[in-house]
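S.K.:
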Amino acid sequence: MSALLEVTELSKSYFKQRGLTRKKIIALQNISFTLHTAKTLAIVGETGSGKSTLAKLLVGIEKPDSGEIRLSGQPVEISNYKKYNHVIRFIFQDAGRSLNPLQKVGQMLEDVLRFSTILDIEQRRIKIRKTLKQLGLLDEHAEYYPHMFSGGQLQRVALARALILDPKLLILDEALTALDPSLRAQIVNLLLELQHKEGLAYLLITNNLQLVRHISDEMLVLYQGGMADSGLTTDVFANPTHDYTKKLINSAF
Amino acid sequence: MLLLDIKNLTIELETPEGLIRAVDRVSLSLREGETRGLVGESGSGKSLIAKAIVGVLNRRWRITADRFSWMGQDMLQVSTEQRRKIIGRDIAMIYQEPSRSLDPTAEVGEQLEEAIPNHLLEGHWWQKPFLRKKKAIALLHKVGIRDHQNIMQSYPYQLSEGICQKVMIAMAIAKNPKLLIADEPTTALESTTQAQLFRLLASFNQLKGMAVLLISHELESVARYTQNLSVLYCGQLVESGDTTAMLKHPFHPYTHALIKSVPEFQPELPPKTPLYALPGSIPTLQHLPIGCRLGPRCPNARKECVKTPILDRLQNHYYSCHFPLLSRDDT
Numbered sequence: 001m002s003a004l005l006e007v008t009e010l011s012k013s014y015f016k017q018r019g020l021t022r023k024k025i026i027a028l029q030n031i032s033f034t035l036h037t038a039k040t041l042a043i044v045g046e047t048g049s050g051k052s053t054l055a056k057l058l059v060g061i062e063k064p065d066s067g068e069i070r071l072s073g074q075p076v077e078i079s080n081y082k083k084y085n086h087v088i089r090f091i092f093q094d095a096g097r098s099l100n101p102l103q104k105v106g107q108m109l110e111d112v113l114r115f116s117t118i119l120d121i122e123q124r125r126i127k128i129r130k131t132l133k134q135l136g137l138l139d140e141h142a143e144y145y146p147h148m149f150s151g152g153q154l155q156r157v158a159l160a161r162a163l164i165l166d167p168k169l170l171i172l173d174e175a176l177t178a179l180d181p182s183l184r185a186q187i188v189n190l191l192l193e194l195q196h197k198e199g200l201a202y203l204l205i206t207n208n209l210q211l212v213r214h215i216s217d218e219m220l221v222l223y224q225g226g227m228a229d230s231g232l233t234t235d236v237f238a239n240p241t242h243d244y245t246k247k248l249i250n251s252a253f
Numbered sequence: 001m002l003l004l005d006i007k008n009l010t011i012e013l014e015t016p017e018g019l020i021r022a023v024d025r026v027s028l029s030l031r032e033g034e035t036r037g038l039v040g041e042s043g044s045g046k047s048l049i050a051k052a053i054v055g056v057l058n059r060r061w062r063i064t065a066d067r068f069s070w071m072g073q074d075m076l077q078v079s080t081e082q083r084r085k086i087i088g089r090d091i092a093m094i095y096q097e098p099s100r101s102l103d104p105t106a107e108v109g110e111q112l113e114e115a116i117p118n119h120l121l122e123g124h125w126w127q128k129p130f131l132r133k134k135k136a137i138a139l140l141h142k143v144g145i146r147d148h149q150n151i152m153q154s155y156p157y158q159l160s161e162g163i164c165q166k167v168m169i170a171m172a173i174a175k176n177p178k179l180l181i182a183d184e185p186t187t188a189l190e191s192t193t194q195a196q197l198f199r200l201l202a203s204f205n206q207l208k209g210m211a212v213l214l215i216s217h218e219l220e221s222v223a224r225y226t227q228n229l230s231v232l233y234c235g236q237l238v239e240s241g242d243t244t245a246m247l248k249h250p251f252h253p254y255t256h257a258l259i260k261s262v263p264e265f266q267p268e269l270p271p272k273t274p275l276y277a278l279p280g281s282i283p284t285l286q287h288l289p290i291g292c293r294l295g296p297r298c299p300n301a302r303k304e305c306v307k308t309p310i311l312d313r314l315q316n317h318y319y320s321c322h323f324p325l326l327s328r329d330d331t
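Shown next, in the form of structure tokens:
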């Protein structure tokens, strides 16, 4: 079975203007990993370790300097956004702030379909209804504005926006961190259920090691742009090799 | 000796649709040198209680209490002036987002020096500016900032969230308070800095006997650093008591669910299995259920739950539920 997502030797650096000279800042260096269907990969690291850069490269907001991204065996130019946004979807940290407050939820979902699919009006309506139902929301929620939802429901709406295009991979950028514990448990259950039923793969970017241990199959520890540790979650937790990983695991337990 | 003793604190908000009771008869007490955690989900009124204690709520909120005393002095009787004086002397508070609560237009050093009260500086008036600066540097060292020269001269936006929070703590402990209220001190921080900060608070608690009221929505971090715990749900006090005893055997279904929903407290739970979660979500303040506010979501709710349960106790362990989980076999 070929992997869903295969990343080899990915690097990215930024330039910072300093007077006449330019200073090179290496954000990511030689990152390689593979992610299979219905698996979860967790990416852990401190701020400035390149987690968000990696997420940006994977959804095509930024272009990598070197390296290759392969989707189901095919090398892709991921910044061709129109073509690949069906496959990889992104969920932001704060659901409340990433939704347009002036737009009804149904309208928002309709826009996603209108721009990215060839469905006609009736098909779009059916699709929206199906997606809302899948996430445990009601039909009339399509007529609601984002401020009328509670925190957990908003996170569901954000998920609906991501899942409506039937993606294969979902990138969760700290999407579970700010939630209340009982709400987080609900969303985690929902994600696990979706993974079980639809075979979704997740790329989980987080700081919460407890959560990583619970829901991820593999993990990747980033430290200053490089890979500190990677492998199966249980292996990494059992015998971390890099000093930073050891420190991280010690601070959490 | 009891430092803070609050009984049946009720906080209400007047709206065009009538009174909304955001905090419903919450009792809270703190001994000297105690660390107490206050846990609840967002919107459960944790921050309101903290603000009511410090007295910074604005006039739209109506605060009533059966008893509200600070070190034996009834705070409801004294004048506002007096009250502000006492609170200003004894209680310090750390707010949620440090970079937003600091003044963006002034240098950190200046703000820190301002927070040091005059009576703590011993010396003649011409020595005061020098002493003040020295004290500010000492405070920064105390909270674990070594590079005081740079930090003192920078503006809040130039510093990271963790450093800002440390500066806030330095400002809070500048007046040697008897009680430190930390309102979600770690939400904006990373896990390694979080641990550092909690250790810092714990060390002040042990070295100076400063009582700490730690407010957070993360049960796991609060549980590790506190002796006692109070759990709030939707403005009602659900359970309070000794932290370890409560984690081991919660009496209230909500506390039970809270503990079950955190993977850390379930070491034998295999990965990738669903977590325990209560159905539904927290009601908004406009649509609160009557009686026990957990009622509609509670797995063991019965007819009696439409009446608000009174706070019951079992050896220092308070709970408010008609049907507590008292059976000794661990579920």
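If you read the protein sequences in the order shown, they are chains V and A.
Residue 176 in my numbering is what sits at position 176 of the first sequence, and the numbering runs on without skipping anything.
Residue 121 in my numbering is what sits at position 121 of the second sequence, and the numbering runs on without skipping anything.
Glycine included, every Cβ here is placed at the ideal spot set by N, Cα and C.
I want to see whether chain V comes within less than 7 Å of Arg328/A, judged by CB atoms only; does it?
M.R.: Residue placement at Arg328/A is flagged as unreliable, the pLDDT there being 48, under the threshold of 50; the coordinate-derived value follows with that caveat. No, Arg328/A does not count as interfacial toward chain V.
S.K.: Just to make sure I have the definition right: I need the residues of chain V whose C-beta is within less than 8 Å of the C-beta of Glu41/A. Which are they?
M.R.: Asp180, Pro181, Ser182 and Leu183
S.K.: Measure the alpha-carbon distance for Leu179/V versus Pro156/A and round it to whole angstroms.
M.R.: 27 Å
S.K.: Using a C-beta cutoff of 7 Å, does Val231/A count as contacting chain V?
M.R.: no
S.K.: Return the chain-ordered ranges of every alpha helix (DSSP H) run that is complete within the region 22 to 76 of chain A and spans a minimum of 4 residues.
M.R.: With a minimum length of 4 residues, the continuous alpha helix (DSSP H) runs that stay inside the region 22 to 76 of chain A are 46 to 54.
S.K.: Please determine, among Leu176/V, Leu41/V and Gly45/V, the residue with the shortest C-alpha to C-alpha distance to Thr193/A.
M.R.: Closest option to Thr193/A, Cα to Cα, is Gly45/V.
S.K.: Determine, for Leu361/A, whether the minimum Cβ-Cβ distance to residues of chain V falls below 7 Å.
M.R.: Limits of chain A in this structure are 1 at one end and 331 at the other, which puts residue 361/A out of reach.
S.K.: Quick one: which unbroken alpha helix (DSSP H) runs of 4-plus residues sit fully inside the region 89 to 177 of chain V? Chain order, please.
M.R.: 95 to 98, 105 to 116, 121 to 134 and 151 to 163
S.K.: Show which residues of chain V have a CB atom less than 9 Å away from the CB atom of Ser281/A.
M.R.: Ser150, Gly151, Gly152, Gln153, Ser182, Leu183 and Gln186
S.K.: Comparing C-alpha positions only, which one of Glu41/A, Leu140/A, Lys85/A and Pro177/A sits nearest to Cys164/A?
M.R.: Leu140/A
S.K.: Residues of chain A with a CB under 7 Å from the CB of Leu192/V: which are they?
M.R.: Lys272 and Pro274
S.K.: Using only alpha-carbon positions, find the residue among Phe204/A, Leu285/A and Ala277/A that is nearest to Pro299/A.
M.R.: Ranked by how close their Cα comes to the Cα of Pro299/A, the residues Phe204/A, Leu285/A and Ala277/A have Ala277/A in first place.
S.K.: Whose C-alpha, out of Ile282/A, Gln315/A, Ala182/A and Cys234/A, is nearest the C-alpha of Glu12/A?
M.R.: Comparing alpha-carbon positions, the option among Ile282/A, Gln315/A, Ala182/A and Cys234/A lying closest to Glu12/A turns out to be Cys234/A.
S.K.: Quick one: what's got a C-beta closer than 6 Å to Pro75/V's C-beta in the same chain, skipping five residues either side?
M.R.: Glu68
S.K.: Say yes only if the C-beta of Pro104/A is nearer than 6 Å to one or more non-hydrogen atoms of the ligand ZN, and no if none qualify.
M.R.: Ligands in the displayed structure: none, and consequently the ligand ZN is not present.
S.K.: For Leu214/A, tell me which candidate among Thr15/A, Met1/A, Gly40/A and Glu17/A has the shortest Cα-Cα distance.
M.R.: Gly40/A
S.K.: May I have the straight-line CA-CA distance separating Glu97/A from Trp70/A, to the nearest angstrom?
M.R.: The straight-line gap from Cα to Cα measures roughly 27 Å.
S.K.: Among Arg62/A, Val306/A, Val212/A and Glu107/A, which residue has its Cα nearest to the Cα of Tyr225/A?
M.R.: Val212/A
S.K.: Quick one, which residues of the region 256 to 267 of chain A are near chain V if we go by CB-CB under 7 Å, in chain order?
M.R.: Answer set for the region 256 to 267 of chain A: Ala257, Leu258, Ser261, Val262, Pro263 and Glu264.
S.K.: Whose C-beta lies closer than 7 Å to the C-beta of Ser42/A among residues of the same chain, with five residues either side of it excluded?
M.R.: Counting only residues of its own chain and dropping the five nearest sequence neighbours on each side, Ser42/A has a CB closer than 7 Å to the CB of His217.
S.K.: Look up Arg22/V in the DSSP assignment and give the residues it is bridged to.
M.R.: Gln17/V
S.K.: Are any of the Cβ atoms in chain V nearer than 7 Å to that of Ala52/A?
M.R.: no
S.K.: Where does Ile69/V fall in DSSP's three states?
M.R.: strand
S.K.: Just to check my reading of the structure: Arg67/A and Asp5/A have Cβ atoms closer than 8 Å, yes? What is that Cβ distance to the nearest angstrom?
M.R.: 6 Å
S.K.: His141/A lies in the alpha helix (DSSP H); which residues open and close that run?
M.R.: Lys128 to Lys142
S.K.: Are there 16 or more other CB atoms within 10 angstroms of the CB of Ser66/V, so buried, or fewer, so exposed?
M.R.: It is exposed - the Cβ of Ser66/V has fewer than 16 other Cβ atoms within 10 Å.
S.K.: Return the residues of the region 209 to 220 of chain V that lie within a Cβ-Cβ distance of less than 9 Å from chain A, sorted by chain order.
M.R.: Leu209, Gln210, Leu211, Arg213, His214, Ile215, Ser216 and Asp217
S.K.: Enumerate in chain order the residues of its own chain whose CB-to-CB distance from Ser261/A is below 6 Å, with the five nearest sequence positions on each side excluded.
M.R.: Cβ neighbours of Ser261/A beyond the five flanking positions: Leu275, Tyr276 and Ala277.
S.K.: Quick check: is the beta carbon of Thr331/A nearer than 7 Å to any beta carbon in chain V?
M.R.: In this prediction, Thr331/A scores a pLDDT of 42, lower than 50, which makes its location untrustworthy; no coordinate-derived value is stated.
S.K.: With a threshold of 8 Å, are at least 3 pairs of Cβ atoms found where one atom belongs to the region 309 to 326 of chain A and the other to the region 223 to 234 of chain V?
M.R.: no
S.K.: So Ala27/V and Arg89/V are in contact, right, with Cβ under 8 Å, and what is the actual spacing, rounded?
M.R.: Not really, about 23 Å apart at Cβ, beyond 8 Å.
S.K.: Could you tell me the alpha carbon to alpha carbon distance between Ile86/A and Leu176/V, rounded to whole angstroms?
M.R.: 41 Å
S.K.: Pull up the distance between the alpha-carbon of Lys83/V and that of Ser72/V, whole angstroms please.
M.R.: 14 Å
S.K.: Helix, strand or coil, according to DSSP, for Tyr155/A in the structure here?
M.R.: coil
S.K.: Which bits of chain A does Glu198/V rub up against, with CB to CB less than 9 Å?
M.R.: Those within 9 Å of Glu198/V in chain A number zero; the least Cβ separation is about 15 Å.
S.K.: Excluding the 5 residues preceding and the 5 following His242/V in the sequence, name in chain order all residues of the same chain whose CB lies nearer than 6 Å to its CB.
M.R.: Ala228 and Asp229
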